[in-house]
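Chemist: Next up is a structure, given as structure tokens.
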DNA sequence: AGCGAATGAGACGATTGCGTATCACCTGAG
DNA sequence: CTCAGGTGATACGCAATCGTCTCATTCGCT
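Chains as they are written, first to last, in my numbering: chain A, 1 to 183; chain V, 184 to 366.
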């Protein structure tokens, strides 16, 4: 009965997303294993969160690769990115709100890499005339993260249908709520 | 030296926004009072969080009143709302992420009231032809909350200038990132 | 100045969760 | 079948934090 490390991380992410103060015991139970086994694979709570962080970074990076942001229009790239990141949305929203990760001096450099890639994408979109230039790439990047997290939350509590996740995020981020004169 | 209850709540909100696991002692120190005094005014951690919740709801409700959402265009109303809510943005972002508040059966009915008012505002905007109808009022409401929280965070960590807070949020929420043909 | 209320500092027990160790059980490979 | 490794259950000590209490001090009001 080899332990499925990734599945443990997934269930931990799902639980911690809902209640970030969950006990190690609860995390173990949620994964269907004993607390002792959980401790054998993750030295402690910190190590568990770090492993989740690594997983989240890795998945987001993979989503960026999958999205091939530079192919076609920026809009198409963004749609592909949101689609690719949807399975990881819950995990990412947990990590973003786990600001404990960002107060130590040992910040995972992966976030900087991701920020740089996303920010550069928005900047290129601006240079190509597809995106407004009065909204900074840094803000668009943060807003994308925020909307992904909000979307994951809204779906989880049932305020938005799961199948609308991508559409709601991309349409709001790209077009906004205002009704255009022509569309 | 009568205790300034509201100031205590403000500093608590500021601290807890940055680190939601802060100790009661840290909360007290941040407010410049002793832990004993903090306990005299708030029976415990729960009571403190509940007081913060009440304060946040009250302030948001006041912001909704101030904004006079029904006067002028929906866009003007939204701008006034974001402006009015800016001072409370940190507190609100803390409360929104404190999902511990929403798992008990004793959910503060204030949130429903607020959701209803904001949601109704977006719905009226749709009916008047100002807002798109393919984005549900519930989603626009959640997105507004999310962007306010993201904006507060971005300003706090220095990724967005404080003076751009309102502009970034309203412009993104209304117009989106896409560059219009005419603008 | 005097007095009552409020505060700060510290101590205390209780609770909680963590990390480790132990032991019995199960499973799969040889 | 045998055995080594992994697992679950349980127990134990430890540290952190909470909530309460006490007591001396300070503040504000008269």
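Yeah, the Cβ is synthetic: ideal placement off N, Cα and C, and Gly gets one too.
Which residue wins for smallest C-alpha separation from residue 169/A, given the options 117/A, 63/A, 78/A and 137/A?
Modeler: That would be 78/A, whose Cα lies nearest to the Cα of residue 169/A.
Chemist: Please say whether residue 132/A and residue 337/V have beta carbons closer to each other than 8 Å?
Modeler: No.
Chemist: Tell me the rounded alpha-carbon separation between residue 366/V and residue 222/V.
Modeler: At residue 366/V the pLDDT is 43, less than 50, meaning the model places this residue with poor confidence; the figure from the coordinates comes in the next sentence. Those two C-alpha atoms are separated by around 55 Å.
Chemist: With a threshold of 6 Å on Cβ separation, who are the neighbours of residue 108/A within its own chain once the five nearest residues in sequence on each side are excluded?
Modeler: Within the same chain, residue 108/A has close Cβ partners 53.
Chemist: Distance check for residue 17/A and residue 289/V, CA to CA, integer angstroms please.
Modeler: Cα to Cα, the separation comes out at about 20 Å.
Chemist: Rounded to a whole number of angstroms, what is the C-alpha to C-alpha distance between residue 24/A and residue 43/A?
Modeler: Roughly 11 Å between the two C-alpha positions.
Chemist: Indicate whether the contact test is met: 3 or more Cβ pairs, each with one atom in the segment 145 to 153 of chain A and one in the segment 89 to 97 of chain A, closer than 8 Å.
Modeler: A contact exists between the segment 145 to 153 of chain A and the segment 89 to 97 of chain A.
Chemist: So what does DSSP say about residue 223/V, is it helix, strand or coil?
Modeler: Three-state result, residue 223/V: helix.
Chemist: Can you pull the chain A residues whose beta carbon is under 7 Å from the beta carbon of residue 318/V, in chain order?
Modeler: Per Cβ cutoff of 7 Å: 168, 171, 172 and 177.
Chemist: Bridge partners for residue 178/A per DSSP, in chain order?
Modeler: Residue 178/A pairs with 314/V.
Chemist: How would you list, in chain order, the residues of chain A whose beta-carbon sits under 8 Å from the beta-carbon of residue 323/V?
Modeler: By Cβ distance, chain A contributes 172 and 177.
Chemist: Can you check which of these residues, 66/A, 82/A and 7/A, is closest to residue 48/A by C-alpha distance?
Modeler: Nearest C-alpha to residue 48/A: 7/A.
Chemist: What are the boundary residues of the alpha helix (DSSP H) that includes residue 96/A?
Modeler: 89 to 97 is the extent of the alpha helix (DSSP H) around residue 96/A.
Chemist: Take the Cβ of residue 66/A as the centre, count every other Cβ of all protein chains shown within 10 Å, and call the residue buried at 16 or more, exposed below.
Modeler: Residue 66/A should be labelled exposed.
Chemist: Is the shortest distance between the beta-carbon of residue 147/A and the beta-carbons of chain V less than 8 Å?
Modeler: Yes, its Cβ sits closer than 8 Å to a Cβ of chain V.
Chemist: Using a C-beta cutoff of 8 Å, does residue 23/A count as contacting chain V?
Modeler: Not closer than 8 Å to any Cβ of chain V, the Cβ of residue 23/A fails to qualify, so no.
Chemist: Could you work out which residue in 342/V, 343/V, 203/V and 309/V is closest to residue 284/V when comparing CA atoms only?
Modeler: Checking every option, the nearest Cα to that of residue 284/V belongs to 203/V.
Chemist: So the alpha helix (DSSP H) residue 151/A belongs to, where does it begin and stop?
Modeler: It spans 137 to 156 - the alpha helix (DSSP H) in which residue 151/A sits, taken as one unbroken run.
Chemist: Of all the options 296/V, 255/V and 282/V, which has the alpha carbon lying nearest to the alpha carbon of residue 245/V?
Modeler: Ranking the options by Cα distance to residue 245/V, first place goes to 296/V.
Chemist: Can you list, in chain order, the residues of its chain whose CB lies under 7 Å from that of residue 22/A, leaving out five sequence neighbours each side?
Modeler: Cβ within range, chain order: 15 and 16.
Chemist: Report the residue ranges of all alpha helix (DSSP H) runs contained in full by the segment 193 to 268 of chain V; include only those spanning at least 4 residues, in chain order.
Modeler: The qualifying runs are 207 to 213, 218 to 224, 228 to 250 and 257 to 268.
Chemist: Inspect the beta-carbon positions of residue 144/A and residue 173/A and report whether they are closer than 8 Å.
Modeler: Result yes, Cβ atoms of residue 144/A and residue 173/A sit closer than 8 Å.
Chemist: By the three-class DSSP mapping on this structure, what secondary structure does residue 110/A have?
Modeler: It is helical.
Chemist: Note down, in chain order, every chain A residue with its Cβ under 7 Å from the Cβ of residue 194/V.
Modeler: Under the 7 Å cutoff, chain A gives no residues; its nearest Cβ is about 18 Å from residue 194/V.
Chemist: What whole-angstrom Cβ distance do residue 349/V and residue 266/V have, given they're in contact under 8 Å?
Modeler: Contact flag correct, Cβ pair sits at about 5 Å.
Chemist: Listed from N- to C-terminal order along the chain, which residues in the segment 267 to 297 of chain V have their beta-carbon within a distance smaller than 9 Å of any beta-carbon of chain A?
Modeler: Within the segment 267 to 297 of chain V, the qualifying residues are 279, 280, 282, 283, 285 and 286.
Chemist: Any idea if residue 263/V is buried or exposed, counting beta-carbon neighbours within 10 angstroms, 16 or more meaning buried?
Modeler: Buried, by the Cβ-count rule.
Chemist: Have a look at 323/V, 343/V and 346/V and flag the residue whose alpha-carbon is nearest the alpha-carbon of residue 164/A.
Modeler: Among 323/V, 343/V and 346/V, the Cα nearest to that of residue 164/A is on 323/V.
Chemist: For residue 288/V, name the three-state secondary structure that DSSP assigns.
Modeler: In the structure shown, residue 288/V sits in coil (DSSP, three-state: anything other than H, G, I, E or B).
Chemist: Confirm, please, whether the CB-CB distance from residue 10/A to residue 41/A is below 8 Å.
Modeler: Contact: no.
Chemist: Count the other C-beta atoms from every protein chain shown that fall within 10 angstroms of the C-beta of residue 162/A, then say buried if there are 16 or more, exposed otherwise.
Modeler: Exposed, since its Cβ has fewer than 16 Cβ neighbours within 10 Å.
Chemist: Since I believe residue 12/A is in contact with residue 27/A (beta carbons under 8 Å), could you give me their beta-carbon distance rounded to a whole number of angstroms?
Modeler: Their Cβ separation, rounded to whole angstroms, is 5 Å, which keeps residue 27/A and residue 12/A in contact under 8 Å.
Chemist: Is the distance from the Cβ of residue 129/A to the Cβ of residue 362/V below 8 Å?
Modeler: Yes, the pair counts as a contact, with Cβ atoms nearer than the cut-off.
Chemist: For residue 55/A and residue 214/V, what's the separation of their Cα atoms in angstroms?
Modeler: Those two C-alpha atoms are separated by around 38 Å.
Chemist: With burial defined as no fewer than 16 other Cβ atoms inside 10 Å of the residue's Cβ, what is the status of residue 309/V: buried or exposed?
Modeler: Buried, by the Cβ-count rule.
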